[in-house]
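Novice: So the sequence shown is numbered by my numbering: it starts at 454 and just counts up by one. Glycine included, C-beta positions come from ideal geometry on N, C-alpha and C.
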Amino acid sequence: MGTTKLAPVSLAMFYGANRDFANAFSVRVTLKNLIEPEALRRALDKAMERYPYFAVRLAARGEELVLEDNPLPVTIVKGPEPAKLNTAASNYHLIGVSYERTSVVFGAFHALTDGAGAFPWIKTVLYYYLCETEGKQLDPAGVRLAGEDIPAGELEDPFPAQAPNMDAPPAPRWSGAFRIGDHAPVGRQRCWHIRIGETSFMKYTRTQDGSPATITSAFMAKALHALYPDMTEPVVCGMAHNFRDVLGKPLAHQSIVRLIELAYPPRLKGADIERLAICSRGMVMLQSQPEAVWDTVQKQMDLEKQLEGLTLSEKFGLLRPAVTGARTGIGNLPASAPVSFKVSYVGRTDWGSMANMIESVHCSVTTDDSGICIEINTCNGYFDYCFMQEFEDDSYVNTFVDLLESEGIYCTVSGPFDVHVPKMRLPDEPEE
Numbered sequence: 454m455g456t457t458k459l460a461p462v463s464l465a466m467f468y469g470a471n472r473d474f475a476n477a478f479s480v481r482v483t484l485k486n487l488i489e490p491e492a493l494r495r496a497l498d499k500a501m502e503r504y505p506y507f508a509v510r511l512a513a514r515g516e517e518l519v520l521e522d523n524p525l526p527v528t529i530v531k532g533p534e535p536a537k538l539n540t541a542a543s544n545y546h547l548i549g550v551s552y553e554r555t556s557v558v559f560g561a562f563h564a565l566t567d568g569a570g571a572f573p574w575i576k577t578v579l580y581y582y583l584c585e586t587e588g589k590q591l592d593p594a595g596v597r598l599a600g601e602d603i604p605a606g607e608l609e610d611p612f613p614a615q616a617p618n619m620d621a622p623p624a625p626r627w628s629g630a631f632r633i634g635d636h637a638p639v640g641r642q643r644c645w646h647i648r649i650g651e652t653s654f655m656k657y658t659r660t661q662d663g664s665p666a667t668i669t670s671a672f673m674a675k676a677l678h679a680l681y682p683d684m685t686e687p688v689v690c691g692m693a694h695n696f697r698d699v700l701g702k703p704l705a706h707q708s709i710v711r712l713i714e715l716a717y718p719p720r721l722k723g724a725d726i727e728r729l730a731i732c733s734r735g736m737v738m739l740q741s742q743p744e745a746v747w748d749t750v751q752k753q754m755d756l757e758k759q760l761e762g763l764t765l766s767e768k769f770g771l772l773r774p775a776v777t778g779a780r781t782g783i784g785n786l787p788a789s790a791p792v793s794f795k796v797s798y799v800g801r802t803d804w805g806s807m808a809n810m811i812e813s814v815h816c817s818v819t820t821d822d823s824g825i826c827i828e829i830n831t832c833n834g835y836f837d838y839c840f841m842q843e844f845e846d847d848s849y850v851n852t853f854v855d856l857l858e859s860e861g862i863y864c865t866v867s868g869p870f871d872v873h874v875p876k877m878r879l880p881d882e883p884e885e
C-alpha cells in the first residue's frame with residue numbers, strides 16, 4: 454500500500470484536529486431533478502479514477518501520521534451529511550457523499566483539501582452523473598475527466614524546498630475582538646440561505662472598489678455595530694485567503710488557505726459601507742502581499758522541523774490546544790486573536806454545460822466557536838450565501854439582509870436550517 458508524507462501546509466490541521474474542532478466542510482449542490490442513487494454511485498466511482506490523492510486513509514506510521522492509498526469505494530449514504538469520516542462507515546476515507554431529494558452533498562476533512570481543491574472533484578462527479586441521468590453527452594469543457602494525465606502540480610507538495618527570504622510587513626495586532634458568543638449563548642447551530650443577483654451585486658461591489666468577500670465583511674461589521682452600539686472591542690473578520698497564486702501552484706489539491714484578519718475598531722461605528730469597504734480593501738492588500746504569504750509559509754515549514762523527533766502524542770498535545778484556542782476555523786496556523794465572524798468565498802465557479810441543471814450551491818463548515826460564518830458560492834447568475842451561526846437568534850441575519858437591501862441589493866432568504874458537516878473520528882481514537 455502506497456503512503457504519502459503529510460505536506461507542511463497540512464500539518465497543523467491534521468495533528469490539531471480534536472474533539473472540539475475536527476475541521477470539516479460540506480458542499481450541497483441542489484439539482485432540478487430527484488437524485489438517482491445508482492447513477493450517482495457509478496459517477497462517483499468513475500470520478501475517483503481522476504483523483505487518486507483523495508482516495509486515501511489516515512494512518513499512524515511510527516510517530517507520524519501519513520496518508521495511505523485506500524482502494525475501498527468512497528461511500529454514499531442517504532441523508533443530510535456523509536458518513537462519519539475515518540470510520541468503517543466511510544470506508545476510512547476522508548471524503549464522503551450523501552444525498553436527499555434533489556441534493557448531492559460532498560463532504561471532506563479540511564486538512565485534506567479546501568474549497569478550491571474540492572470543487573474540481575465535485576464538478577467531475579456531477580458531470581458523469583448528469584451525462585447519464587440526462588441521457589446525453591455534455592460538453593466536458595472545464596471538467597477534469599478520468600483517464601487523462603494528471604498534472605504534477607495537482608499531486609506534489611506545493612511548498613518549495615526553501616521559502617524566499619523576505620521581510621514580512623507588520624502584522625495587525627489588537628488586544629481582543631468582539632465575540633458574539635459572549636452575548637448570545639451557543640446552542641443549536643442554524644443557517645439561512647441568502648440569494649443575491651450576481652449582476653447587480655457585482656455592479657455594487659465595483660462601485661465600492663471591493664470584492665464579494667470584502668463587501669460582505671463590511672456589511673457584517675456594520676450589522677454588528679448596529680446590534681451592539683456600546684461595544685468597546687474591535688469587530689474582527691477572519692477572511693479566508695487562498696494563496697495558491699503566490700506559491701505559483703494553481704492546481705494544488707491541498708488545503709492552501711490562510712486567514713486574513715480585518716479589524717473594524719469602535720471608531721468606525723456609524724461609518725457607511727463605502728468607508729468600511731475602503732478599510733477592508735486596505736487590510737486585505739496589506740495581508741495578501743507576497744511577503745506576508747511567504748512569512749506564513751516559512752512558519753509552516755518551521756513547524757515541520759519543530760515536530761521532528763516528537764512522539765505522536767506530543768504532536769497532538771502541542772497542536773490541539775493551539776488550534777482550538779485560535780478560534781479561527783479556517784487556516785493552517787492559529788490567528789493572532791479570536792475573530793468575531795468569518796467570511797469565505799471560493800471564487801466564481803464555472804459550471805459550464807451543467808449550469809442549467811443546477812439549482813443552487815451552498816457550503817457549510819465547522820464553525821468552531823466563531824459565532825457567525827458566511828460561506829459564499831456562485832450558481833446560475835446568483836450568489837448563494839450560507840449564513841451559519843451557533844445560536845437560533847435571527848436578528849443577525851435579519852440586520853445583515855436589511856443593510857444589504859437598504860443599499861439596493863435585494864435578497865431572497867430561506868431558513869433557518871440545521872448546519873450539516875461530516876463528523877470525523879480522530880486518528881488516536883478507537884475504531885468504531
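Distance check for C732 and M738, CA to CA, integer angstroms please.
Specialist: Along the sequence shown, read from residue 1 onward, the residue named residue 738 stands at position 285. Along the sequence shown, read from residue 1 onward, the residue named residue 732 stands at position 279. Rounded to the nearest angstrom, the two C-alpha atoms are 10 Å apart.
Novice: Any idea what DSSP makes of A460, helix, strand or coil?
Specialist: Numbered from its first residue, the sequence shown carries residue 460 at position 7. Note: A460 maps to coil in three-state DSSP.
Novice: Report the CB separation of V458 from A599 in whole angstroms; it is logged as a contact under 8 Å.
Specialist: If you number the sequence shown from 1, residue 458 lands on position 5. If you number the sequence shown from 1, residue 599 lands on position 146. Residue identity differs from the one stated: residue 458 is Lys in this sequence, not Val. That pair is no contact at about 26 Å.
Novice: Could you give the distance in angstroms between the alpha-carbon of F672 and the alpha-carbon of E828?
Specialist: Along the sequence shown, one-based indexing puts residue 672 at 219. Along the sequence shown, one-based indexing puts residue 828 at 375. Computed Cα separation, rounded: 14 Å.
Novice: What's the C-alpha gap between A460 and E517?
Specialist: Position 7 of the sequence shown, counting from 1, holds the residue named residue 460. Position 64 of the sequence shown, counting from 1, holds the residue named residue 517. Roughly 12 Å separates the two Cα atoms.
Novice: Please work out which residues of its chain come closer than 8 Å, Cβ to Cβ, to C832, disregarding the five sequence neighbours upstream and downstream, and give them in chain order.
Specialist: Taking the sequence shown and counting its residues from 1, the one referred to as residue 832 is at position 379. Taken in chain order, the residues that qualify are T802, W804, A808, I811, E812, S813, V814.
Novice: Whose C-beta lies closer than 7 Å to the C-beta of A887 among residues of the same chain, with five residues either side of it excluded?
Specialist: Look at the range of the chain in this structure, 454 to 885, and you will see that residue 887 is not part of it.
Novice: Taking P533 as the reference, give the member of G549, L525, L520 with the closest Cα.
Specialist: Along the sequence shown, read from residue 1 onward, the residue named residue 533 stands at position 80. Considering only alpha carbons, the answer is G549.
Novice: Would you kindly work out how many angstroms separate the C-alpha atoms of P787 and S708, rounded to a whole number?
Specialist: Reading the sequence shown from its first residue, position 334 is the one you call residue 787. Reading the sequence shown from its first residue, position 255 is the one you call residue 708. Residue placement at P787 is poorly supported in this model, since its pLDDT is 46, which falls under 50; the coordinates still yield a value, given next. In a straight line, the C-alpha of P787 is about 15 Å away from that of S708.
Novice: Looking at the strands, I want to know which residues DSSP matches up with N830.
Specialist: As a position in the sequence shown, residue 830 is number 377, starting the count at 1. D837, per the DSSP bridge assignment.
Novice: Among G800, L712, P687, K768, whose alpha-carbon lies nearest the alpha-carbon of A569?
Specialist: If you number the sequence shown from 1, residue 569 lands on position 116. It is G800 whose Cα lies nearest to the Cα of A569.
Novice: Specify the secondary structure class of W804 as computed by DSSP and reduced to three states.
Specialist: The residue labelled residue 804 in the question sits at position 351 within the sequence shown. W804: coil per DSSP, three-state reduction.
Novice: Is the region 642 to 661 touching the region 831 to 850, taking contact as three or more C-beta pairs under 8 Å?
Specialist: Touching, yes, given that three or more Cβ pairs across the two stretches are closer than 8 Å.
Novice: By the three-class DSSP mapping on this structure, what secondary structure does R632 have?
Specialist: As a first step, residue 632 is located in the sequence shown; it is residue number 179 there, counting from the start. Of the three classes helix, strand and coil, the one that applies to R632 here is coil, per DSSP.
Novice: Helix, strand or coil, according to DSSP, for Q842 in the structure here?
Specialist: As a position in the sequence shown, residue 842 is number 389, starting the count at 1. Strand.
Novice: Which whole-angstrom value is the C-beta distance of G560 and P535, which I expect to be below 8 Å?
Specialist: Reading the sequence shown from its first residue, position 107 is the one you call residue 560. Reading the sequence shown from its first residue, position 82 is the one you call residue 535. Yes, G560 and P535 are in contact; Cβ-Cβ is about 4 Å, under 8 Å.
Novice: How long is the line joining the alpha carbons of A475 and T566, rounded to whole angstroms?
Specialist: For the purposes of this step, residue 475 is taken as the residue at position 22 of the sequence shown. For the purposes of this step, residue 566 is taken as the residue at position 113 of the sequence shown. For A475 and T566, the distance between alpha carbons rounds to 14 Å.
Novice: Once DSSP output is grouped into helix, strand and coil, what is the label at R641?
Specialist: What you label residue 641 is simply residue 188 of the sequence shown in a count that begins at 1. Three-state result, R641: coil.
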